[in-house]
Each structure stands twice: as C-alpha cells, then as structure tokens.
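Just so you know, the sequence shown maps onto residues 118 to 217 in this note's numbering.
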Amino acid sequence: MPFPCSICGEESTRICARCTKDACDNHLCEKCLRCSDCCECEVALSGPVREPARSAIRAAAAALKPDPEPDPNPEPEPPHPPPDPDPFPEDEQEPGPVAP
Ligand SMILES: [Zn+2]
Ligand SMILES: [Zn+2]
Ligand SMILES: [Zn+2]
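Below, the structure is given as structure tokens:
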C-alpha cells in the first residue's frame, strides 16, 4: 500500500531523510533526499547565496577598493606652438601670393 505524499497527497515513492515523512518525486530532493519542507537545496538556489565570511569581506573590500588605474583618459598636453622663425616684417606692404 503506497503512502501519500505528505505535501501534495500523491503517491509517495520515498521518505524524507530528515523527517521521514512520505514525499513524492516532486517533493523529494534528489540531492539531499529530503522533502521540500526539509530540503535546503532549493533555499540555497532561490535565496541569496550564502558565502563564507572571508569571501564576503573580500568581495566588500573589492567593491570598496579604489580604481587601480591612475587615469583612463589623461588630458593630453596642449602642443606648444613653435616660435615663428620668420615673422612677417612689418614694413612689407603687400603679402602677395606665396606661389613661386
Ligand atoms: Zn508531493
Ligand atoms: Zn522532510
Ligand atoms: Zn535538497
């Protein structure tokens, strides 16, 4: 005589490894062999990922640490205009065409 699933009432195939209640395939975790009420795998998957304190602190430190790169876009120095070696003489009346 099959036992009904303690959660949905369908025919149970296994019992929970923790509370030993009957559970069907849909309500028995294949990993931990626990019913949905006792299974912690789904909680870990759906809920926030539990991280060790070290990695959490490390992640927080990584998030808070400043940008390692000094400046991604440094302002280029403006090119200094070279001094005019041959300034126009002021007494020239007509600049005229430059063509030879
Ligand atoms: Zn069930
Ligand atoms: Zn259980
Ligand atoms: Zn599980």
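Ideal Cβ placement from N, Cα and C applies to all residues, glycine included. Everything numeric in this text was worked out from a predicted model, so none of it was measured.
Test item, CB below 6 Å from any non-hydrogen atom of ligand 2: The filter returns Cys-133, Arg-135, Cys-136, Lys-138, Arg-151, Cys-152, Asp-154 and Cys-155, in chain order.
Inter-residue Cα distance where the pair is Glu-188 and Pro-200: Sequence inspection shows Asp at residue 188; the Glu mentioned does not correspond to that position. Their backbone Cα atoms lie some 32 Å apart in a straight line.
Beta-carbon gap between Cys-155 and Arg-131 smaller than 8 Å: No. Outside cutoff.
Cys-141 beta carbon near ligand 3 (any heavy atom closer than 7 Å): No, since every heavy atom of ligand 3 falls outside the 7 Å radius drawn around the Cβ of Cys-141.
Where Ser-123 falls, given that 16 or more other Cβ within 10 Å makes a residue buried: Buried, by the Cβ-count rule.
Under 8 Å between C-beta atoms of Cys-141 and Glu-127: Yes, the Cβ-Cβ distance between Cys-141 and Glu-127 is below 8 Å.
Coil, strand or helix - Gly-164 by DSSP: Because Gly-164 carries a pLDDT of 48, less than 50, the predicted location of this residue cannot be relied on, and no value is offered for it.
Ala-177 versus Pro-185: straight-line alpha-carbon distance, rounded: For Ala-177 and Pro-185, the distance between alpha carbons rounds to 16 Å.
Ala-134 in three-state terms, based on DSSP: It is coil, neither helix nor strand.
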